[in-house]
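One structure is given below, encoded as structure tokens.
Number of protein chains: 2
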Amino acid sequence: MFIKVPKGTQDILPEDILKWYHIEDMIKEILNKYGYKEIRTPYFEYTDLFIRGIGESTDIVTKEMFTFPDRKGRSLTLRPEGTAPVVRAYLENRMDRISKVIKLFYLGPMFRCEKPQAGRFRQFNQFGIEVIGTKSSAADAEVILTVLDVYKKLGLKNLEILINSVGCKKCRVDYVQKLKKYLKDKKDFLCSECKERYNKNPLRVLDCKKDSCKKIIEIAPVITENLCQECESHFSEVKSYLNDQKIVFHEDPRLIRGLDYYTKTAFEIISGGLGAQNAIGGGGRYDDLVEELGGKPTPAVGFAAGIERMIIAIDQQKIKWPVEKGLDIFVAKVNEKNKDTAFRLLQKIRNTGLSADMDYSEGSLKSQMRIANKIGARYAVIVGEEELSKNMVIFRNMQTKEQKEIKIDNIIDELSL
Amino acid sequence: MFIKVPKGTQDILPEDILKWYHIEDMIKEILNKYGYKEIRTPYFEYTDLFIRGIGESTDIVTKEMFTFPDRKGRSLTLRPEGTAPVVRAYLENRMDRISKVIKLFYLGPMFRCEKPQAGRFRQFNQFGIEVIGTKSSAADAEVILTVLDVYKKLGLKNLEILINSVGCKKCRVDYVQKLKKYLKDKKDFLCSECKERYNKNPLRVLDCKKDSCKKIIEIAPVITENLCQECESHFSEVKSYLNDQKIVFHEDPRLIRGLDYYTKTAFEIISGGLGAQNAIGGGGRYDDLVEELGGKPTPAVGFAAGIERMIIAIDQQKIKWPVEKGLDIFVAKVNEKNKDTAFRLLQKIRNTGLSADMDYSEGSLKSQMRIANKIGARYAVIVGEEELSKNMVIFRNMQTKEQKEIKIDNIIDELSL
Chain A
1 MFIKVPKGTQ
11 DILPEDILKW
21 YHIEDMIKEI
31 LNKYGYKEIR
41 TPYFEYTDLF
51 IRGIGESTDI
61 VTKEMFTFPD
71 RKGRSLTLRP
81 EGTAPVVRAY
91 LENRMDRISK
101 VIKLFYLGPM
111 FRCEKPQAGR
121 FRQFNQFGIE
131 VIGTKSSAAD
141 AEVILTVLDV
151 YKKLGLKNLE
161 ILINSVGCKK
171 CRVDYVQKLK
181 KYLKDKKDFL
191 CSECKERYNK
201 NPLRVLDCKK
211 DSCKKIIEIA
221 PVITENLCQE
231 CESHFSEVKS
241 YLNDQKIVFH
251 EDPRLIRGLD
261 YYTKTAFEII
271 SGGLGAQNAI
281 GGGGRYDDLV
291 EELGGKPTPA
301 VGFAAGIERM
311 IIAIDQQKIK
321 WPVEKGLDIF
331 VAKVNEKNKD
341 TAFRLLQKIR
351 NTGLSADMDY
361 SEGSLKSQMR
371 IANKIGARYA
381 VIVGEEELSK
391 NMVIFRNMQT
401 KEQKEIKIDN
411 IIDELSL
Chain B
1 MFIKVPKGTQ
11 DILPEDILKW
21 YHIEDMIKEI
31 LNKYGYKEIR
41 TPYFEYTDLF
51 IRGIGESTDI
61 VTKEMFTFPD
71 RKGRSLTLRP
81 EGTAPVVRAY
91 LENRMDRISK
101 VIKLFYLGPM
111 FRCEKPQAGR
121 FRQFNQFGIE
131 VIGTKSSAAD
141 AEVILTVLDV
151 YKKLGLKNLE
161 ILINSVGCKK
171 CRVDYVQKLK
181 KYLKDKKDFL
191 CSECKERYNK
201 NPLRVLDCKK
211 DSCKKIIEIA
221 PVITENLCQE
231 CESHFSEVKS
241 YLNDQKIVFH
251 EDPRLIRGLD
261 YYTKTAFEII
271 SGGLGAQNAI
281 GGGGRYDDLV
291 EELGGKPTPA
301 VGFAAGIERM
311 IIAIDQQKIK
321 WPVEKGLDIF
331 VAKVNEKNKD
341 TAFRLLQKIR
351 NTGLSADMDY
361 SEGSLKSQMR
371 IANKIGARYA
381 VIVGEEELSK
391 NMVIFRNMQT
401 KEQKEIKIDN
411 IIDELSL
């Protein structure tokens, strides 16, 4: 009996790896163009970081974390998201001393112990950007534009942008009171989870996906009608920057995100045809998080997108992936006796910088040619008894099937053609 | 109080990321040249995989694994090494059907809950290669040559190659008997761990780093004098391939590695000046592992190297890292009123494919120029009231400090120079 890959996770196999290279290279290229630099934080953190950072009553913290002890029994958690670790690293490494505004990106795995379903994995990959140290609405707009540029360069079309403001510490308190008041006499009709949310964190009710709760939420008071002056004008500035850049977006006053740290701008990018898990990315401003994690008050804004969902969306939109460049040379041997000469030749070819391989399975010449074809080799060098006695090998163009005898000593010259 | 990075782990900061890009790109380039394709397995596996794969009495399994339950209570473990997961993926995805010999590589984090010390981290990165499906001694040689090529292209010098054969299921049983017999009357002088090893897995005694045990091991019978005919000739073939390629190596008959799965060839690559943790990579043949994990008998050979130690070795040998290419354009504004125009210009420049940024912190022009210098911008575009009224901006060469007024509409032409 084989041991299987853990439930909710998947192997990325060699036949799919080019897709990942393509997306990862594109992300790095675009983010560098926008002035972001990569940071890599460990894949686990002290559990406290996420409880304080993401919020005690979020789904992530209450039921989706992989948690385990270190040698001394201190609780560690596989990172379920990238922002809290980046802010931890920002504070620990005193990055505020480098520059007032710091622009970082990350690219790597996140872990959530969710029920596996289409488009949801327990280990999944995200890229994310964080602009730390500015309250400027232009930064919010930049974050959205950056992400859209990544999607665009990957060829993704028909993306819908949802945008909202979830207010700040000040105006949100008033709104939550209003929302609670509205929900009070409807409490019995809420789902059991939302009943709890009503007490602990009523804003989370807006995020419920259950139909019964959705109906109640539909006519609830909206946060955008309850913003303070500062949040209001920040929100309209962000929208005006986007309009100026001819970006079409929709306001969704019920959009809050699954993390407690957002303030002011919140946004989500939707790709049609992804089914229930149609968000391919989202983000927003988090002006209080740095302070909550022990730093000075420091405004910030960011974004994260799931790579697996981007791949699904690209496949659904039938966008072509780059094709694999085959091997340059396959070295074949007529029989096993010529193995050592073949190996020597193989290393000689590789040392010129060309990619080359041979078959280590003692297969027949025919089977070796099959392998050469399968791996897309452009040329084959065939080492045979008869030719060797004349210091020659057979040089075969795998596409045209033309072949000729060449001197072993000339093989490198021949290959540079 | 800040929350710190977990003990034994580290952040890879933007100022160091280029080192990682350099090494990772080099690894991918060389491994592709040798015909290896990347596979990415999840960062955790069912714990069983490592117990069965690595060996119950190894240090890794007995004391270094990070283990935690999934939702249903099944035990998961962060991968402490890459070979067992690759073999799991090989079996689960029936890769034997694709080709008789499969060549894979991986590149990513491993996790061991060790006592942190110089060069040892609880999350560290490895690249590794695996050739699955061949018993050919040429494959053993290729693995060693591949790795040496990676080190060479990175500029590493003065590497020492240690090589040994640890025999096969057959001849090792006899050797272990002999070793046990030798150790029997010296048991009292072994360390407490080795006393246990003596009972559970006497071969592991050879791996003990304690001086008292080392002395006893020094004159113990060696495995290479007890190899069966097949292992003997396999070992001399490997050595002959290496000699043929002018590779200098040392035989170390006491070299066994920290994992139970090795058979026949075992090797290690040492870089002077790394202190106690001087091995920068190692590997060997593991002809029984595929079968032990539930597959058909399938010979295989592989290698793994720690990236952090490669970086330390490169720094110690004072090898130059590639230098960062600065930003193309920094857009500055004379005052905040010109912010929107500056932002519009910034996006226009980015849309041409150039890298560009501005300052979102409302700093003075002087402070903006400081930032532009710090991030190594080649040019600055300065947006000022006076020039704007004429539809002009100032275009400044940050190196020569020369500047001139140019028409906004001509800015893209100017930049393409």
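Order-wise, the sequence lines are chains A and B.
Just so we're aligned: 342 in my numbering is position 342 of the first sequence, and the numbers increase by one with no gaps anywhere.
Just so we're aligned: 156 in my numbering is position 156 of the second sequence, and the numbers increase by one with no gaps anywhere.
Using N, Cα and C, we set each Cβ at its ideal position, and we do this for glycine too.
All of these numbers come straight from a predicted model, not from anything done at the bench.
Taken atom to atom, the span from the alpha-carbon of A:Arg120 to that of B:Pro202 is near 46 angstroms. The alpha-carbon separation between A:Phe124 and B:Gly55 amounts to approximately 29 angstroms.
No Cβ of chain A is located within less than 7 angstroms of the beta carbon of B:Pro116. DSSP, reduced to helix, strand and coil, places B:Asp359 outside both helices and strands of the structure shown, so it counts as coil. Judged by beta-carbon spacing, B:Ala266 lies within the 7 angstroms limit of B:Asn164, meaning their Cβ atoms are closer than that value. The three-state secondary structure of B:Asn391, taken from DSSP, is coil.
Between the alpha carbons of B:Phe235 and B:Leu255 lies a gap of roughly 14 angstroms. The C-beta of A:Ala377 comes no closer than 7 angstroms to any C-beta of chain B. Contact between the segment 134–144 of chain A and the segment 292–311 of chain A is established, with three or more Cβ pairs separated by less than 8 angstroms. With the rule of 3 Cβ pairs closer than 8 angstroms, the segment 75–83 of chain A counts as touching the segment 37–48 of chain A.
Secondary structure of A:Arg122 (DSSP, three-state): coil. Here B:Val248 is exposed, its C-beta having fewer than 16 other C-beta atoms within 10 Å. Against B:Thr41, the close residues of chain A are Asp11, in the order they occur along the chain (beta-carbon pairs closer than 7 angstroms).
From the beta-carbon of B:Met1, the residues of chain A found nearer than 8 angstroms are Gly294.
Rounded to whole angstroms, the Cβ separation of A:Gln403 and A:Ile394 is 5 angstroms, and the two are in contact under 8 angstroms.
Excluding the 5 residues flanking it on each side, B:Pro109 has same chain C-beta neighbours closer than 6 angstroms at Gln123, Asn125, in chain order. Exposure of B:Tyr21 is indicated by the presence of fewer than 16 other C-beta atoms within 10 angstroms of its C-beta. Comparing alpha-carbon positions, the option among A:Ile223, A:Thr62, A:Val86 lying closest to A:Glu196 turns out to be A:Thr62.
Taking a Cβ-Cβ cut-off of 8 angstroms, the neighbours of A:Asp48 in chain B comprise Ile3, given in sequence order. Contiguous alpha helix (DSSP H) elements confined to the segment 225–309 of chain A occur at 229–244, 289–292, taking only those with 4 or more residues.
Nearest C-alpha to B:Thr146 among B:Glu130, B:Asn158, B:Lys157: B:Glu130. If you check each beta-carbon in the segment 321–348 of chain A against every beta-carbon of chain B, the ones closer than 7 angstroms belong to Leu327, Lys339, Phe343, Arg344, Gln347.
When Cβ-Cβ separations below 7 angstroms define contact, A:Phe68 makes contact with chain B. About 7 angstroms separates the beta carbon of A:Ile349 from that of A:Leu415, a gap short enough to meet the 8 angstroms contact definition. Taking 7 angstroms as the cut-off, the Cβ atoms of A:Ile17 and B:Glu308 do not count as close.
Taking CB atoms only, A:Gly55 has no neighbour in chain B less than 7 angstroms away.
In this structure B:Cys168 is in contact with B:Asp287, their Cβ atoms being roughly 7 angstroms apart against a cut-off of 8 angstroms.
Within chain B, Pro42, Tyr43, Phe44 have C-beta atoms less than 9 angstroms from the C-beta of A:Gln123, given in sequence order. Rounded to the nearest angstrom, the gap between the Cα atoms of B:Cys208 and B:Ile27 is 32 angstroms. From the listed residues B:Asp357, B:Ala377, B:Lys366, B:Gln368, the smallest Cα separation to A:Lys103 is found for B:Asp357.
If you compare the alpha carbons of B:Glu160, B:Thr352, B:Tyr36, B:Ile60 with that of B:Arg204, the shortest gap goes to B:Ile60. Nearest to A:Lys318 by alpha-carbon distance, out of A:Ile223, A:Asp70, A:Lys157, is A:Lys157.
In this structure, the CA atom of B:Leu388 is about 14 angstroms from the CA atom of B:Phe343. Taking 7 angstroms as the threshold, the shortest C-beta distance from B:Arg71 to chain A falls below it.
A:Arg350 reaches chain B at Lys33, Tyr34, counting residues in chain order whose Cβ is nearer than 7 angstroms. Listed by position along chain A, the residues whose Cβ is nearer than 9 angstroms to that of B:Leu91 are Phe2, Ile3.
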